[in-house]
Amino acid sequence: MKLPKLKLNINIKPVLNYILIITVTALFLAMIFIALPLTEKFVSKTSYNLNTNDKSYWSQEFIVSTEDTDTQSLNDLRNIFYKRLKGFGVEEISTYVENDKIRIVVTSSKDKELVKELISNKFEVTIVTRKSDVNFDDSNNTYAYMLDTNYDTTEWAREDFRNVYITKLKTNNGDYANFAIFKLWPVAEEKFNKFLLQYNGLYIGVDIDGFVTPYQVSTTSEIFAIPISTEDTQQLKVMNLLYNSGVAKTNFKIDSQTDLTPGVPSVNYMQVTIGVFAAIVVLYVYLFLSKSTTPTILLKSLIAITLTISIYLSFLKIFQVPVDMFVLSIEAILTVIIARVLAENKDSAFYIEVFLLLILASLLFLGNGFISIIAQDMLILTALAKFCLIISGWYINKVKKI
Amino acid sequence: MEIIINLWNNWTVYEKWTTLVLILIVLLAIPGLVWLFTKNSKLLLGALLSLVITGTLVAVGLIVLNQAFDFAITYTYKLVPFITFFINILCIGTTVGYFMQNHRHKDFNPILVKEEAFKDAYRLTLSCILLFSGFAVLTPSILIPILFSLGISLLVIWIHYLLLKKLLK
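Line order of the protein sequences matches chains A and B.
Here the first sequence is numbered in the working numbering, starting from 1 and rising by one per residue.
Here the second sequence is numbered in the working numbering, starting from 1 and rising by one per residue.
Here's what the structure looks like:
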């Protein structure tokens with residue numbers, strides 16, 4: 001017996017479209033809800049509050065005195081301090097030479113102790129060899145291997161190495177640990193290998209500011225690397241900067257360290273949100289009434305702006321990325337402007353993006369303090385605005401078809 | 001002059017070099033790209049002049065603010081060149097885009113670029129005034145740098161338009 005054929009004449013495409021639109025709308029709304037201020041007051045399960053830096057800022061003045069007080073030495077040292085602090089992401093750095101001393105004023109939200117490490121350490125690196133008359137196996141002096149007085153200096157120092165690269169390497173136990181790999185200048189490679197050959201199988205050391213890390217020479221090893229005793233990423237960053245921000249020629253010490261009031265502008269999240277929101281509403285009402293832009297472009301750019309800011313804020317909130325409120329406010333304004341310009345001038349989008357990419361990338365690498373931070377964020381926000389413009393165009397088309 | 005000497009002395013050699021490279025990128029690379037895209041010397045000159053004028057306006061403005069009105073130029077004023085150059089680049093980008101889109105059309109007329117530049121300048125002015133004032137009014141801590149950035153940005157937008165008007169005769 002044949003069963004009757006059941007013929008269903010359902011067009012599945014519009015149904016799927018409905019589901020897609022509903023899902024995307026729900027996602028949009030979720031993003032907007034997370035991004036809104038005070039969401040954390042209504043959601044108890046997850047913390048959706050913005051992790052602002054505003055209260056973690058501190059400011060200090062360091063007075064550094066040096067052995068050599070000639071202008072060249074002082075300026076060279078200022079350069080090193082500046083590179084170290086900038087590399088660590090210290091927000092504001094000012095260095096001056098006053099009365100043959102270096103005055104450094106730092107305003108930052110970074111760890112105070114780590115910042116101090118960057119200023120207080122000379123980090124003079126030299127390769128040393130063991131003195132023949134010292135007993136390194138003496139049980140009464142277990143720290144003999146660490147003291148630089150037990151070693152002879154060699155002609156090899158930090159300047160002979162191109163850079164020091166910190167990375168994880170496999171240890172003899174098969175575990176992974178952090179090592180500082182000393183990379184030689186190509187011209188010095190042969191000479192250094194000859195030097196190592198003299199001590200094959202023996203211990204030499206790397207002396208850093210008077211403390212020696214032993215290194216057993218093995219001619220089979222292709223790299224010259226010493227272990228680093230920390231796993232903390234911030235500490236590793238500090239080590240990297242100390243190794244690679246230049247060689248301090250003169251001895252120095254911190255004479256004084258004074259707390260200052262950080263002058264970081266305070267911005268109220270609620271007030272700024274209201275201000276920017278009111279400005280956007282007035283702008284769009286005016287543009288709509290004046291008919292200077294088509295309603296489709298207005299709607300597209302409005303959705304894109306809302307989405308861009310919401311996605312960005314949601315990301316910051318969910319991943320608890322620390323932010324500066326005044327920087328965020330400026331970024332929000334510039335994002336609105338860029339999204340409007342990109343929506344309004346479709347034919348110019350490519351050129352604007354190329355110009356901005358060039359300038360923002362240059363500022364990211366060559367700028368300092370808050371400007372580097374804003375440049376980095378604006379690169380992300382410009383790309384996000386572009387993406388959201390595409391998404392909003394697609395969304396409007398889909399909704400129109402329904 | 002004192003403010004410039006102080007600034008110069010307080011910069012490290014590294015800062016001086018990076019600033020010089022940044023200025024060169026702004027003044028050479030952007031006009032260079034304009035030339036590369038458009039092959040139009042008038043647009044190149046327009047971009048170069050508007051960038052130079054922006055830099056000059058910012059520098060002179062900061063000196064006047066410090067000397068005449070006795071405002072302490074703190075690091076929040078670093079926002080001023082950033083915002084004004086950002087706005088200027090948007091102006092240059094829109095002009096180049098419109099030119100590239102239309103210059104091969106048979107009935108292309110440079111007047112069209114001027115008209116489009118006017119529309120863009122007008123819309124950008126409106127956006128800047130509303131957004132920056134909305135923000136500045138509610139954040140007194142950076143009111144002056146923001147209002148100053150707004151003022152210079154508006155000048156830059158219209159100077160860019162006037163330059164185009166003059167050059168694309």
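A virtual CB, placed ideally from N, CA and C, is assigned to each residue, including glycine.
Just so we're clear, the structure is a prediction, and the values are computed from it rather than from any experiment.
Near-chain B residues of the stretch 311-332 of chain A - C-beta to any C-beta below 7 Å: Phe326, Ser329 and Ile330
Cutoff 7 Å; reference Ser153 of chain B; Cβ partners in own chain excluding five residues on either side: Ile83, Thr84, Ile87 and Cys128
Any 3 or more C-beta pairs closer than 8 Å across the stretch 105-113 of chain A and the stretch 54-61 of chain A: yes
Close-in-space but distant-in-sequence residues of the same chain around Val134 of chain A (CB under 7 Å, 5 per side omitted): Ala144 and Asn150
Euclidean distance between Cα positions of Leu155 of chain B and Ser149 of chain B: 10 Å
Per-residue contacts from Ala29 of chain B into chain A (C-beta, under 7 Å): Leu358
Neighbour-count burial assignment, Val323 of chain A, 16 or more Cβ in a 10 Å radius: buried
Same chain, Cβ closer than 6 Å to Leu48 of chain B, five either side skipped, listed in chain order: Pro31
Residue nearest to Ile208 of chain A in terms of C-alpha spacing, selected from A:Ser372, A:Asp175 and A:Ala248: A:Ala248
Distance, Tyr176 of chain A Cα to Phe195 of chain A Cα: 28 Å
Residue-chain proximity (Tyr75 of chain B, chain A), Cβ-Cβ < 8 Å: yes
Contacts around Ile415 of chain A, its chain only, beta-carbon distance under 6 Å, and the 5 residues preceding and following it disregarded: Past the edges of chain A, shown from 1 to 402, lies residue 415 of chain A, and the structure says nothing about it.
Any C-beta of chain B under 8 Å from that of Gly263 of chain A: yes
Any chain A beta carbon closer than 8 Å to Ser127 of chain B: yes
Residue-level contact to chain A via CB, Val156 of chain B, 8 Å cutoff: no
Start-end ranges of the beta strand (DSSP E) lying completely within the stretch 85-160 of chain A, minimum 3 residues: 92-98, 101-108, 125-130 and 151-157
Whole-number beta carbon distance between Phe123 of chain A and Leu242 of chain A, since they are thought to touch under 8 Å: 4 Å
Sequence-distant residues of its chain with Cβ nearer than 8 Å to Ile146 of chain B (five each side left out): Leu79, Phe132, Phe135, Ala136 and Thr139
Whole-angstrom C-beta distance between Asp152 of chain A and Lys131 of chain A, which should lie under 8 Å: 6 Å
Reduced DSSP category for Ile208 of chain A - H, G, I as helix; E, B as strand; rest coil: strand
Cross-strand partners of Val323 of chain A (DSSP beta bridge): A:Thr52
Element boundaries [beta strand (DSSP E), containing Pro227 of chain A]: Phe224 to Pro227
Within 9 Å of chain B by C-beta, residues of the stretch 349-375 of chain A in sequence order: Ala349, Phe350, Tyr351, Ile352, Glu353, Val354, Phe355, Leu356, Leu358, Ile359, Leu360, Ser362, Leu363, Phe365, Leu366, Gly367, Asn368, Gly369, Phe370, Ile371, Ile374 and Ala375
Beta-bridge pairing of Gln403 of chain A - partner residues as DSSP gives them: Residue 403 of chain A is absent from the structure shown; chain A starts at 1 and stops at 402.
Cutoff 8 Å: Thr84 of chain B Cβ touching any chain A Cβ: no
Alpha-carbon spacing of Tyr14 of chain B relative to Gly246 of chain A, whole angstroms: 11 Å
Residue interval of the beta strand (DSSP E) (run including Asn178 of chain A): Tyr176 to Leu184
Limits of the unbroken alpha helix (DSSP H) element including His160 of chain B: Leu143 to Leu167
8 Å Cβ cutoff, Asn66 of chain B in contact with chain A: no
Secondary structure of Val113 of chain B, DSSP reduced to three states: helix
Contact list for Tyr14 of chain B against chain A, beta-carbon separation under 7 Å: Asn79, Tyr82 and Lys83
Residue from A:Ser139, A:Met146, A:Arg84 and A:Ile402 whose Cα sits closest to the Cα of Asn121 of chain A: A:Arg84
Residues within the stretch 60-75 of chain A neighbouring chain B, beta-carbon criterion of under 8 Å: Asn75
Best match in A:Leu38, A:Gly201, A:Ile12 and A:Tyr18 for proximity to Tyr395 of chain A [C-alpha to C-alpha]: A:Tyr18
Cβ neighbour criterion (16 or more within 10 Å) applied to Phe99 of chain B: buried
Cβ-heavy atom distance, Phe161 of chain A to the ligand SAM, below 7 Å: In the structure shown, the ligand SAM is absent, as is every other ligand, since no ligand is present at all.
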